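Presented below is the structure to which this report refers.
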Amino acid sequence: MDLSDRQHQIVEIVKENGPITGENIAEQLSLTRATLRPDLAILTMAGYLDARPRVGYFYTGKTGSELLTEKLKKFKVQEFQSIPVVVSEDVSVYDAICTMFLEDVGTLFVVNEGAYLVGVLSRKDLLRASLGNQDLREIPVHIIMTRMPNVTICYKDDLLLEAGQILIEKQIDALPVVKDSEQGYEVIGRLTKTNLTKALVELGRDQRV
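The numbering of the sequence shown is the UniProt record's numbering, which starts it at 1 and goes up by one.
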């Protein structure tokens, strides 16, 4: 977040004199309390300052990069997950390739007749199956997919940073976001590297406000 000159002045005043009331800050800047109110609200919401009733404002001692990191650590998967693209375990490899192309995704989640997760298909899986002279219309995807329980999953309430770490460590394109049930895992979303990029862009946009 880029602070204005006046906001920088406020931070320095609070750093040197805190706890200090809004009225005292206004006096030092020769401004009215009403004029300062928006700046104080922004600085408090951004985490530079902390406010306590009947006491005043404190400097948190945190830099812009530290505040940025703190916010990133609070992001949840559900805030950035995408709509999942699923196929039945009985569809052909040919149909799966068509689905992947039309939906413009790098991973398909495979479900059984009860719509519960049974496997995952990646571009590499489909490319490997397409090599040779096999009839792709005759090969069901359950033959080539990565099967449960060898599929890495995540939940909507998981921290985005931790899920992103899994993507990097496992070197995979996407994680299915699931919900537990007695019958298995219900796929309710997908988390990709693109979603992580979106989170970083949003975070950077917020800091420029």
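C-beta: ideal position from N, C-alpha, C; glycine also. On a predicted model such as this, the values are computed, not experimentally measured, just so you know.
Whether Lys198 touches Phe75 by CB criterion (7 Å): no
Sequence ranges, alpha helix (DSSP H) only - wholly within the UniProt domain "CBS" (145 to 207), length at least 4: 160 to 170
Thr146: CB within 6 Å of a non-hydrogen atom of the ligand ZN: This structure lacks the ligand ZN, and indeed carries no ligand of any kind.
DSSP three-state assignment for Ile13, whether helix, strand or coil: helix
Ile20 versus Met145, Ser4, Cys154 and Ala51, residue with shortest Cα-Cα distance: Ala51
Test item: CB-CB of Leu36 and Leu43 under 7 Å: no
Straight-line gap, Glu23 to Arg33 (C-alpha atoms, nearest Å): 6 Å
Inside the UniProt domain "CBS" (80 to 136) only - beta strand (DSSP E) runs reaching at least 3 residues: 86 to 88, 107 to 111 and 117 to 122
Counted within 10 angstroms of its Cβ, other Cβ atoms place Ala163 as buried (16 or more) or exposed: buried
Buried or exposed (CB count within 10 angstroms, at least 16 for buried), Met100: buried
Candidates Tyr116, Ile172 and Leu127, of which the one nearest Ala96 by Cα: Leu127
Val87 versus Val77, Thr60 and Leu117, residue with shortest Cα-Cα distance: Leu117
Closer than 7 Å to chain C by CB, Thr69: Protein chain content of the structure displayed is limited to a single chain, and chain C is not contained in it.
For Ala26 and Lys156, the rounded distance between their alpha carbons: 44 Å
Range of the contiguous alpha helix (DSSP H) that encloses Leu49: Element bounds for Leu49: not the alpha helix (DSSP H) but the beta strand (DSSP E), Leu49 to Arg52.
Where the beta strand (DSSP E) containing residue 212 begins and where it ends: Coverage of the chain is limited to positions 1 through 209, which leaves residue 212 absent and any answer about it impossible.
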